[in-house]
Structures are given as C-alpha cells and as structure tokens.
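Engineer: First residue of the sequence shown: 40, per the numbering used here; consecutive thereafter.
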Amino acid sequence: MTVFETGYYKINRVSLCLCGVWPEQNSFQAYIARFLLWGGMATIMIPEYVCLYKAWVYGSFMEDFLPCIPTQLLITAVAAKYVVFAIYKKTFQDTIDKMRIDFEFFGNTPARKILKEYADKGRTRTIFYGCFLFMILTTFVVPAFLPVVLDKFRPLNETRIRLKLLDTDYGVDPDEYFVLITIHGYIASTFLVLMLWSVDSFIMIMVQHCCSLFVIVGFTLKKLDQGNKKHTEKFENDVLINALQVHQQAIEFADFIEASLKNMYGIVIIENMLAISITGLETIKQMDQTDQAMRFAAFAFGQMVHLFFNSLPGQELVDHSTGLFDLVYDCQWESLSIKSKKKILLILMRSAKPKSLTAGGFYELNLQHCGEVLKTSMSYLTVLTSMR
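#1: If we ignore side chains and look at the alpha-carbon of each, how far apart do Met312 and Ile166 end up?
#2: Using DSSP with H/G/I as helix, E/B as strand and the rest coil, what is Phe402?
#3: Just to confirm my understanding: we take Cys249, look at its own chain, exclude 5 residues before and 5 after, and list those with CB closer than 7 Å. What are they?
#4: Nearest-angstrom Cα distance between Leu404 and Val187?
#5: Looking at His286: is its Cβ nearer than 8 Å to the Cβ of Val246?
#6: Can you tell me where the alpha helix (DSSP H) with Pro109 in it begins and where it stops?
#7: Spatial neighbours of Ile135 within its chain, please: C-beta separation below 7 Å, excluding the five flanking residues on both sides.
#8: Just the Cα atoms here: how many angstroms apart are Tyr209 and His345?
#9: Apart from the five residues just before and just after Arg162, which ones in its own chain have a Cβ nearer than 6 Å to its Cβ?
#10: CB-CB under 6 Å to Asp103, same chain, minus the five flanking residues each way: which ones, in chain order?
#11: With C-beta atoms as the reference, is Leu113 less than 8 Å away from Leu233?
#12: How is the alpha helix (DSSP H) around Asp159 delimited, first residue to last?
#13: Could you check the C-alpha separation between Gly399 and Val412 for me, to the nearest Å?
#14: Given a threshold of 16 other Cβ atoms within 10 Å of its Cβ, counted over all protein chains shown, does Leu219 qualify as buried or as exposed?
#15: Whose C-alpha, out of Phe179, Phe171, Phe192 and Cys90, is nearest the C-alpha of Trp236?
#16: Quick check on Val367: buried or exposed, where buried means 16 or more other Cβ atoms within 10 Å of its Cβ?
#17: Pull up the DSSP beta-bridge partners for Thr271, would you.
#18: Less than 8 Å separating the beta-carbons of Ile383 and Leu279?
#19: According to DSSP, simplified to helix, strand and coil, what is Lys424?
#20: At the level of alpha carbons, what is the spacing between Thr41 and Gly146?
#21: Keeping to the same chain, check which residues put their C-beta closer than 6 Å to that of Lys273; ignore five residues upstream and five downstream.
#22: Buried or exposed for Gly78, going by 16 or more other Cβ atoms inside 10 Å?
#23: Within this structure, are the beta carbons of Ile242 and Leu300 separated by less than 8 Å?
#24: From Phe100, Met84, Phe364 and Arg193, pick the residue whose C-alpha is nearest to that of Ser390; which is it?
#25: So, is Gln342 buried or exposed, given that buried needs 16 or more other C-beta atoms within 10 angstroms?
#26: Just to confirm, are Glu350 and Ser416 a CB contact at a threshold of 8 Å?
#27: How big is the Cα-Cα spacing for Gly224 and Leu204?
#28: May I ask you to list the residues that DSSP assigns as paired with Thr397?
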C-alpha cells in the first residue's frame, strides 16, 4: 500500500489534483485543472471588481464599499496559498518522496505504528476540516436561494426580498437574472473553498508527519532504559545514531515547512484579522435582517475557524519539538558511557530551541497568538462600529 495512492493521504492527493497543483500530476491535466479553477474564478472576480469600483466612486465607504472587502480578502489569502504550492512544486515533490520513504524505511517496526497513528490523525482532520468548510459555504448560500425556492412552492402576493450571494455587477438587471447570478456565485465559491481545503489539509498532514518523527526519536531513546539489563556501548551507539538521524530529519522537515510557508502565512493572518472585523461589523449592521445577519455571521465564524486551523499546526509543532527535550532528559542517560552522553547532549541542545511556524518570520503561529489575533479583530470591530 502506498500512502498517497491508496493509503491515508489519498484524499489529499485527489484534492490537490483537482486544483492542478499535485507535483506528480500529468502536466496537461494540471493545466486543465488550473484553467478551469482560475478561469471560473476570473468570471466572478471581474463583476466583483466592477461592483467594488462603483462602490468606491459612487457609493458610501461604510455602507457600500466595506461590505465588498471580505470576499476579496479571502480570495487574496487563497491565491497566496495556491501560489506557494505552484512555486515550490519541486520542493513539495521532495517532501512527498520523503514521507513515502519514511513509511518504507520503518517497515513493520513499532515506529511505523507511530507514523500510521499521526497519518490517521491527519486524515481525520482533513475530512473534518473539509466537511466544516462546505457546511459554512452551505450556510452562506442557503439564505440567497431560499426566497427563490419559497416563491416557487409557497408564493405570496408579492415577491420575497432576495439576498445577493456576492457583491457583483454584471451590467444586467440583477432581479431578472438572479438565479443565474446566484448559481454562478455558488460555483465560484465552491472552487474557492476547494482550493482552501486542499492546501490547508496538505499543510496539516505535513506537520503531523513531522510531529510523528519527533515522537519516534523519543520512542527510540526509550530503548536505553535499562531496568535490570546492561546494554553494550555498541547498542547505545546504534540507538543514539538512529535517534540523531531521525531528529535531524524532523528538524529539516520543520525548517522546510517554515521557510516555504512563512510569507504566505503573513498574508493569511492579516486577511483573517481584517475579514473577521469587517464581517463582524456587517453582522451587527444587518441584525434587523435575520437572513443577512446569519450569512455574515457564518462568514465571520468560518474565518475564525480558518484562523484556528492555521494556528493549530504551529502549536503542535512547538509542543512536539519541545516535548522531546523532556523525553531525552528523563531517559536513563546517567548510566550511559561518556561517548553516549555526548550524543544525548547533542540531542538536548537541538531540542532546546522549539520548531515553530511563523507569519512573515516574526509572528509565531500558536493558539495563544490565535486568541490575540481575535482580540485585535474585536478591537478593529469596535473602531469600525464607532465610525458608523
């Protein structure tokens, strides 16, 4: 069984193929997928930009222009994630090969069970995250379609108020072509969510794999716990060399993830902060219209969860890299030979500095900072509310 073809990561491979950024994908298929995705996105972005321009030139900043911004921020964040995978295609291919090699290298050893455990965790999280994103999309879309459905099956003496799915301007009568415009917006939104899910979930499984390597180092060092058994110096040396090699792989893996994603995360965190503030404001403004308020609240909640799932991998990476320090310190190193103690010291020194993911290389992604971003968003929301 190959882990990406029929194993734990099959979902991630298929989703990235649909987006045209799977490194091993046929070039023709990749170009077709990219053309369909971004061609479809362009058809919605053009009327959105027309609406944005008219709102800026002819409308009110607070009432007309500001509500158009959250969607553009989300598109920018997704585009940043997509571009990273397109630019680092060769590097991500090396990463995929490395993950495959790890599963083969550890064979049927207990260490492989650790890899499987974390791979299964990554798969579960991929499925949950995808279900959640599409649930939020459904919550966002249903209020726009509901009046049309009710007018069809339970008509009133007058047409129900129809809600725009997205802020767009096609240059045609929006009421006459409401259904077509809404369907178009739904398809484009589905493309956007697909790209977001595919890239985020692959980052999750990369971090899970990296965390499993740190756990394997600790598991390997437990072999040195003697109990009543006296180990030979050769045995100690073999165990420590193996632990050092796996630890080095884990460090290099973590450094690669950080180097590849830090600029992208810088854009994403700013987007999250602004989008949460603006959609929060729109939710407050639309409180007298339940359907509209529910849509904006769903969008804001989705942004919060998006922020959480971007921060969680960073927190797990910190926890696993620093947790190894305690595992090494607690092993029975005092009974080892001098040479073995020096190797233990080397692992301790490497473990003293936690591995982390950052936004822009300066803002560490973890759950504490996730809370701080939410607090900052609420502060911006307060300022925007006072400007009404």
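Positions of the beta carbon are idealized from the N, C-alpha and C atoms, including for glycine.
Every value quoted in this text rests on a predicted model; they were computed, and no experiment measured them.
Structural biologist: On the basis of the supplied data:
#1: Distance from the CA atom of Met312 to the CA atom of Ile166, rounded to whole angstroms, is 25 Å.
#2: According to the sequence shown, residue 402 is Tyr rather than Phe. In this structure, Tyr402 counts as strand in the three-state DSSP scheme.
#3: Within the same chain, and ignoring the five residues on either side of Cys249 in sequence, the residues whose Cβ sits closer than 7 Å to its Cβ are Ala289, Phe292, Ala293, Ile296 and Leu356.
#4: Using only the alpha carbons, I get a separation of about 43 Å.
#5: Their beta carbons are not under 8 Å apart, which means His286 does not touch Val246 by this criterion.
#6: For Pro109, the uninterrupted alpha helix (DSSP H) run begins and ends at Ile108 to Ile126, by DSSP.
#7: Within the same chain, and ignoring the five residues on either side of Ile135 in sequence, the residues whose Cβ sits closer than 7 Å to its Cβ are Phe43 and Pro62.
#8: Between the C-alpha atoms of Tyr209 and His345 there is a straight-line separation of about 30 Å.
#9: Same-chain partners within the cutoff: Tyr47.
#10: Annotation for Asp103: Ala94 place their beta carbon closer than 6 Å to its own, counting only its chain and skipping 5 residues before and after.
#11: When the beta-carbon positions are compared, Leu113 and Leu233 stay at least 8 Å from each other.
#12: It spans Pro149 to Phe192 - the alpha helix (DSSP H) in which Asp159 sits, taken as one unbroken run.
#13: Their Cα atoms are separated by approximately 15 Å.
#14: So Leu219 counts as exposed.
#15: Comparing Cα-Cα distances from Trp236 to each of Phe179, Phe171, Phe192 and Cys90, the minimum goes to Phe171.
#16: Taking a 10 Å sphere around the C-beta of Val367, we find 16 or more other C-beta atoms and assign the residue as buried.
#17: BP columns for Thr271 are empty, so no partner.
#18: Yes, these two residues count as a Cβ contact at 8 Å.
#19: Before going on, a small fix: residue 424 reads as Thr here, not Lys. Thr424 falls in the helix class under three-state DSSP.
#20: If you take the alpha carbons of Thr41 and Gly146, they lie about 12 Å apart.
#21: So no residue of the chain qualifies.
#22: Taking all protein chains shown into account, Gly78 has fewer than 16 neighbouring C-beta atoms within 10 Å of its C-beta and is therefore exposed.
#23: Cβ atoms of Ile242 and Leu300: closer than 8 Å.
#24: It is Phe364 whose Cα lies nearest to the Cα of Ser390.
#25: Flag for Gln342 reads buried.
#26: The identity of residue 350 in the sequence shown is Ser, whereas the question assumes Glu. The answer is no: Cβ separation not under 8 Å.
#27: When rounded, the distance between both Cα atoms is 7 Å.
#28: Per DSSP, Glu403.
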